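In our numbering, the protein residues as written are 17 to 534.
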Amino acid sequence: MKIAIVQSKPIAGDITGNLNKIKEYINRAKEDKAELIIFSNGSLTGVNIKGLLYDTTFTNEVAIKNIELINATEGINVLIPTITEYKGKLFEYQAFINKNGEVKLFPATPNDAHEMYEGDIETGKEECLLTIDNKKFSVNCPNGDVDLNIYSFMSVFDKVNYHNLDFVELMPETDVPYININSAGFCNGLVFTGGSLGVSQGKITFQAPYFEEGYFLINLEGKKITGEIHPEPKSKYEAVHKAIVNSIRDYINANGFKGIVFGMSGGVDSALVGTLAVEAIGPEKVTFLIMPSKYSSNETMSDAEIICNILKAKYYNIPIVDINKEFLTSLAPFLEGTKPDTTEENIQSRIRGVLNMAVSNKTGYCVLATGNKSEASTGYFTMYGDSCGSLAPIIDLYKTEVYELCEYINSVNPIIPESIIKRPPTAELAPGQKDNDSLPDYDILDDILIELVDLGCPVEEVMADGYDEETVIKVYNLLHKVEFKRCQYPLAISLSESCFQNKEFWDYPQTNKFRAEL
17 MKIAIVQSKP IAGDITGNLN KIKEYINRAK EDKAELIIFS NGSLTGVNIK GLLYDTTFTN
77 EVAIKNIELI NATEGINVLI PTITEYKGKL FEYQAFINKN GEVKLFPATP NDAHEMYEGD
137 IETGKEECLL TIDNKKFSVN CPNGDVDLNI YSFMSVFDKV NYHNLDFVEL MPETDVPYIN
197 INSAGFCNGL VFTGGSLGVS QGKITFQAPY FEEGYFLINL EGKKITGEIH PEPKSKYEAV
257 HKAIVNSIRD YINANGFKGI VFGMSGGVDS ALVGTLAVEA IGPEKVTFLI MPSKYSSNET
317 MSDAEIICNI LKAKYYNIPI VDINKEFLTS LAPFLEGTKP DTTEENIQSR IRGVLNMAVS
377 NKTGYCVLAT GNKSEASTGY FTMYGDSCGS LAPIIDLYKT EVYELCEYIN SVNPIIPESI
437 IKRPPTAELA PGQKDNDSLP DYDILDDILI ELVDLGCPVE EVMADGYDEE TVIKVYNLLH
497 KVEFKRCQYP LAISLSESCF QNKEFWDYPQ TNKFRAEL
């Protein structure tokens, strides 16, 4: 039996555009004489559609498109996710449309199966079977000659390939062929891995690429699945690199931006984001703004121009010294008699934010925020300054991980100058300023944050691990003091379960006075 697999990358809410792509894939499968075509989750509606599920205008439009979809399937069996009402609630279901246009619904997940079968999946297992040419396919409820799992796996930093490995380890327990169809791409902060696969007798015998949309043909003969095997990422940083590049591209294309703009400081964060941005959409669609203040060193400004030239992107040098003087003059009644502090520092950062956003407004380019997870954890960023923008590509990477990703990129193609990587991190908003004037060294800071944030360890346990108690308490207090700032950060590319924008993991109130007694 020839089966077509579609690992789709839909746009949330673009029902017409998504349906047109679905029709193209169906026609292609007919030309290839496939007997069945299977689509990944969200192919019609988009993945992670959130409140659209409760928008009756949207759901009514989906109902209309469902009919149009059925009319397009004549002559081929189609298994595709859609949404429809069941027991007074709207659910996503797998709709099986046979070649005669007859429809049968299957639960989209085991949770839906529980509701569909009154909490007892076992009693409904026969209902989870579809039959084609006397072969029984189970849908998200193993019980057939072939097990189908249509589920959207999200990218988890350092665990990208684990879902495939888990399935392969389970398969030797059964002789039943297994097919997983997974969504791909970036949607509303979530990264879906792709990497759809087929497993026969404990071995992967089909695998789609990671993070990319695609149409694939597989053959099912007896209990053997055969198809293309695309290599999976060899390391976590290869996976993260692909995830971020594809996510930037998806976000820019889905939202109709004409390009990308942001400030190139000559530091490692902006150099990394610039490299990823150029790889995502090409240098001709990326513009950098170099915005030196009186505290900017010749070395950083030189490196900013060097990386712009290496990336072959257009850049503009816009000094902010005079603009900053105008701000200070206007604010003289509030500044006179006071010592310079973060007020004066943040003004510089916000001037740069205004310039970035002005260029964005005029050109239709998207502003990227270049902050990292270490800064987000401790509040070491300026609201409406370096945090302004629409998308934050590396906000789920700690500073030490930023360096490691740079090392991976340079191991493939030396792009980011060593002078940028080796220079001590600095915001250059005050004379001689260094990040470790305000924060612990990043190798210590990140180790503490991984325990507090990623592992959820109590602060007492972190101190017991041998870190300096005063440092741990400082980091702990910073972490919980700046939630109001984090909540205003641009959309993250979520690479881990512990991403701050993952509200199932991290959902502290913005106003929160609770602290552990230490």
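Idealized CB from N, CA, C, for every residue including glycine.
None of these values were measured; they are calculated from a predicted model.
- request: Output the distance between the C-alpha atoms of P247 and P225, rounded to the nearest integer angstrom.
  value: A direct Cα-Cα distance of roughly 7 Å separates P247 from P225.
field: Extent of the continuous alpha helix (DSSP H) to which N87 belongs
entry: It spans 72 to 87 - the alpha helix (DSSP H) in which N87 sits, taken as one unbroken run.
message: Considering only their Cβ atoms, is the gap separating I113 from T89 smaller than 7 Å?
response: Yes; because the gap between Cβ atoms is below 7 Å, this pair is in contact.
- request: May I ask you to list the residues that DSSP assigns as paired with F122?
  value: Per the DSSP secondary-structure output, F122 pairs in a beta bridge with Q110.
Where E467 falls, given that 16 or more other Cβ within 10 Å makes a residue buried: E467 is classed as buried because its beta carbon has at least 16 other beta carbons within 10 Å across all chains shown.
task: Whole angstroms is fine: what's the gap from Q526's alpha carbon to L465's?
output: Answer to the nearest angstrom: the Cα atoms are 19 Å apart.
message: For P456, which residues in the same chain have their Cβ closer than 6 Å to its Cβ, ignoring the five residues on either side in sequence?
response: Within the same chain, T487 come within 6 Å of P456 by CB-CB distance, once the 5 residues on both sides are set aside.
task: Return the residue from the list L413, P409, G104, G405 that minimises the CA-CA distance to S538.
output: Examination of residue 538 is not possible in this model, given that the chain is present from 17 through 534 alone.
field: Where the beta strand (DSSP E) through C157 begins and ends
entry: It is not in any beta strand (DSSP E) - C157 carries neither H nor E in the DSSP assignment.
- request: Determine the burial state of V475: buried for a count of at least 16 other Cβ atoms within 10 Å of its Cβ, exposed for fewer.
  value: The residue is buried, with at least 16 neighbouring Cβ atoms inside 10 Å.
- request: State buried or exposed for A20, treating a residue as buried only when at least 16 other CB atoms are found within 10 Å of its CB.
  value: A20 comes out buried.
task: Following the continuous alpha helix (DSSP H) through F343, name the residue where it begins and the one where it ends.
output: Counting along the chain, the alpha helix (DSSP H) containing F343 begins and ends at 337 to 346.
message: Comparing C-alpha positions only, which one of V294, L371, N93, E254 sits nearest to I334?
response: Answer by Cα proximity: L371.
Of the residues E477, E417, A532, F521, the one placed nearest L494, counting alpha carbons only: Closest in alpha carbon position to L494, among E477, E417, A532, F521, is A532.
task: Kindly give me the distance between the Cβ atoms of T221 and I195, rounded to whole angstroms, as I take these residues to be in contact under 8 Å.
output: About 10 Å; that fails the 8 Å criterion.
message: Measuring straight from C-alpha to C-alpha, what distance separates G230 and P433?
response: Cα to Cα, the separation comes out at about 35 Å.
Residues that G279 bridges to, as DSSP identifies them: Per DSSP, L305.
query: Taking contact to mean at least 3 C-beta pairs separated by less than 8 Å, is the stretch 403 to 418 in contact with the stretch 503 to 518?
result: Touching, per the Cβ criterion.
message: By the DSSP assignment, the beta strand (DSSP E) with Q223 in it spans what residues?
response: 219 to 223 is the extent of the beta strand (DSSP E) around Q223.
- prompt: What residue does the beta strand (DSSP E) around N9 start on, and which one ends it?
  reply: Here the chain has residues from 17 to 534 only, and residue 9 is not among them.
- request: May I ask you to report which of helix, strand or coil DSSP gives F350?
  value: DSSP places F350 within a helical segment (H, G or I) once states are collapsed to three.
message: With three or more C-beta pairs closer than 8 Å as the rule, is the stretch 351 to 371 touching the stretch 436 to 446?
response: Output reads yes: the stretch 351 to 371 touches the stretch 436 to 446.
- request: Under 6 Å Cβ to Cβ from N116, same chain only, skipping five residues before and after it: list those, please.
  value: By the criterion of a C-beta distance shorter than 6 Å, N116 is surrounded by no residue of its chain, once the five residues flanking it on both sides are discounted.
- request: Taking Y400 as the reference, give the member of R502, D470, N429 with the closest Cα.
  value: Distances from the CA of Y400 to each of R502, D470, N429 were compared; the closest alpha carbon is that of R502.
Close-in-space but distant-in-sequence residues of the same chain around L68 (CB under 6 Å, 5 per side omitted): Short of 6 Å from the beta carbon of L68, and not among the five residues preceding or following it, lie these beta carbons of its own chain, in chain order: G29, F74.
Segments of 4+ residues assigned as alpha helix (DSSP H) that fall wholly inside the stretch 413 to 448: Counting only runs of 4+ residues, the alpha helix (DSSP H) found wholly inside the stretch 413 to 448 occupies 415 to 428, 434 to 438, in chain order.
field: Residues sharing a beta bridge with Y226, DSSP
entry: In the DSSP assignment, Y226 forms a beta bridge with G210.
Straight-line gap, V94 to I54 (C-alpha atoms, nearest Å): Those two C-alpha atoms are separated by around 6 Å.
- request: Return the CA-CA distance between K274 and L384, expressed in angstroms with no decimal places.
  value: For K274 and L384, the gap between their C-alpha atoms comes out near 13 Å.
- prompt: What are the partner residues of M170, as DSSP defines its beta bridges?
  reply: Per DSSP, the beta bridge partners of M170 are F208.
query: Using DSSP with H/G/I as helix, E/B as strand and the rest coil, what is E520?
result: In the structure shown, E520 falls within a coil segment according to DSSP collapsed to helix, strand and coil.
query: Would K239 be called buried (16 or more neighbouring beta carbons within 10 Å of its own) or exposed?
result: Within 10 angstroms of the beta-carbon of K239 lie fewer than 16 other beta-carbons, which makes it exposed.
message: Taking the alpha-carbon of V192 as reference, which of D163, V302, M317, V469 has the nearest alpha-carbon?
response: The shortest C-alpha to C-alpha distance from V192 to any of D163, V302, M317, V469 is the one to D163.
- request: Taking the CB atoms as reference points, tell me whether V155 and Q223 lie closer together than 7 Å.
  value: In this structure, Q223 does not lie closer than 7 Å to V155 by Cβ.
query: Do the CB positions of M280 and A320 come within less than 7 Å of each other?
result: Here M280 is near A320, since their CB atoms are less than 7 Å apart.
- request: May I ask you to list the residues that DSSP assigns as paired with C382?
  value: In DSSP, C382 forms a bridge with I276.
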